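Sequential numbering from 14 applies to the sequence shown in my numbering. Read the structure below first, then the notes.
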Amino acid sequence: MPKLDRIDRRILQALQRNGRISNLDLADAVGLSPTPCARRLKRLEDSGIIRNHVALLDQEALGLKLTAYIGISMDRHTPDRFAAFEEEIASYPEVIECSVVTGQSADYLLKAVLVDMQHYERFLLGRLTRIPGVTGVHSSFELRRVIQRTDLPLSHLTGN
């Protein structure tokens, strides 16, 4: 990881709040002129710290009213079995997060967004349970989202 100074952190904070901010406005917000600001931004992108610039969509406004957290148990813990599962699950647009987890009875934890419970049933029975190696599925459903952040904490980064 490249060394980040106070200005780099301010650039990252500003971009996390508004990824569409113009370079001119970003430079003004962090106290730089536009050319050095653009150079720093390019360095942060090239280093991989900034992976992408995206739009955050409103899930409910798009009719995706159900969020499911799904624990998946696998029959075998082999690299081939996990690779096949991960390749298959990556093709499911409903799955917005997939993590290998420990400390639970599940091997994977998925976060999926769906239209409604009928859509979830079709997703579960028609797709998830048919993936080779899946032996268990445990689902929990979000009642109400209390916090949703996209900003990563940066206070642990020290420097000038």
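Glycine included, every Cβ here is placed at the ideal spot set by N, Cα and C. Computed from a prediction, not measured in an experiment: that's the story for all the values here.
The alpha helix (DSSP H) runs lying completely inside the region 43-117 and spanning 4 residues or more are 47-59, 92-102, given in chain order. At the C-beta level, V43 and I63 stay beyond 7 Å of one another. Of H66, M87, S35, L28, the smallest CA-CA separation from T115 is found for M87. Within its own chain, the residues whose Cβ lies closer than 8 Å to the Cβ of T163, once the five positions on either side in sequence are excluded, are Q29, L69, listed in chain order. Note that the C-beta distance between Y105 and V113 is not below 7 Å. Remark: C-beta atoms of L37 and P47 approach each other more closely than 7 Å. For the pair of segments examined, the region 69-78 was found not to touch the region 135-148: the number of CB pairs separated by less than 8 Å stays below three. For A81, the number of other beta carbons within 10 angstroms of its own is at least 16, and it is reported as buried.
Its Cα nearest to that of G76, the residue E107 stands out among E107, R22, L137. Shortest Cα-Cα distance from A51 to any of S35, G61, N65 involves S35. Rounded to the nearest whole angstrom, the CA to CA distance from I102 to L17 is 35 Å.
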